[in-house]
Every structure is written in C-alpha cells, then in structure tokens.
C-alpha cells in the first residue's frame, strides 16, 4: 500500500470514497466539494493506494495542541484487511511530526466504529458529541 498527499486532481476520486460516509444529516460537510478542496489545499488529505486504486483516505485538522482525524474511510471491499490500521499508524506519525502528542477522532453512532478505534489504542471519551442532533463518539489517544 502506498500513502501519498492528495492533489487537486484527486478530488473526484476522494469524493467517490467519501460518499461511503454520507448520512442524511443537515449540513453534512465531509463529502462536499468545499470541505475536500480546503483539506487538499491545506495539505491535510492523504490517499492510500494499491495498484493505482484508492483503497482508503484520511484527512486531518490541527486545533490548538491536538490533531484531529476529520475523515477516515476504507472502501468496502478492502475493510478488515489492515488498511484502516495503517491509516491510523500514519495518523500517529503525522501527529508526532507536527510536534503534537494528542490524536483525536470522532465517529457518528451510525458508523459502528467503536471497536475499531478502541483496538487502535484510542480511549473513548465519556461525553459524546452532538452535530445537528446526531450523536457521535469522541476518541482520544496520547502518543
């Protein structure tokens, strides 16, 4: 698997993968042109590729002294093959390279990803987040 920084030419491909995340929530931004454009422009979007095909994506956003995983998606036919684990390992490295030691991730209840994040070494924060009346899990890892 090759991991590389996304470029503007990757936008269409990224949007196809992020559409796997779509939930019918007002103001759902993670699969919008604007969000993807901004993340690419800021150098915060990365693609995981195998044989030239995108198998996963991850994007970040730094807020104060913490790094946040904004998007993490593995295509359906490559789940449970370690792609997500490799993306989290990359996230740890990326966080350290930025001089930070706290990595956070959020996931809507509908995604059912608690076990994945706990298996990666994240702790589940006690208080859930709420976005447009939809609860999401909040995870944190010290690295």
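Residue numbers (the numbering used here): 666 to 808.
Note that CB positions come from ideal geometry on N, CA and C, so glycine has one too.
In this text, all values refer to a predicted model and were calculated from it rather than measured experimentally.
Contact under 7 Å by Cβ, residue i with residue j
i, j, result
"residue 736", "residue 666", "no"
"residue 669", "residue 712", "yes"
"residue 774", "residue 800", "yes"
"residue 723", "residue 673", "no"
Anticipated Cβ contact below 8 Å, residue i with residue j, distance rounded
i, j, result
"residue 732", "residue 779", "Actually they are not in contact, since the Cβ atoms of residue 732 and residue 779 sit about 20 Å apart, beyond 8 Å."
"residue 772", "residue 802", "5 Å"
Per DSSP, the bridge partner or partners of residue i
i, result
"residue 756", "Its beta-bridge partners do not exist; DSSP assigns none."
"residue 721", "713 and 739"
"residue 810", "Limits of the chain in this structure are 666 at one end and 808 at the other, which puts residue 810 out of reach."
"residue 794", "801"
Same chain only: Cβ atoms within 7 Å of residue i, ignoring 5 sequence neighbours per side
i, result
"residue 687", "693 and 696"
"residue 708", "670"
Beta-carbon proximity list for residue i, same chain, < 6 Å, skipping 5 on both sides
i, result
"residue 755", "668"
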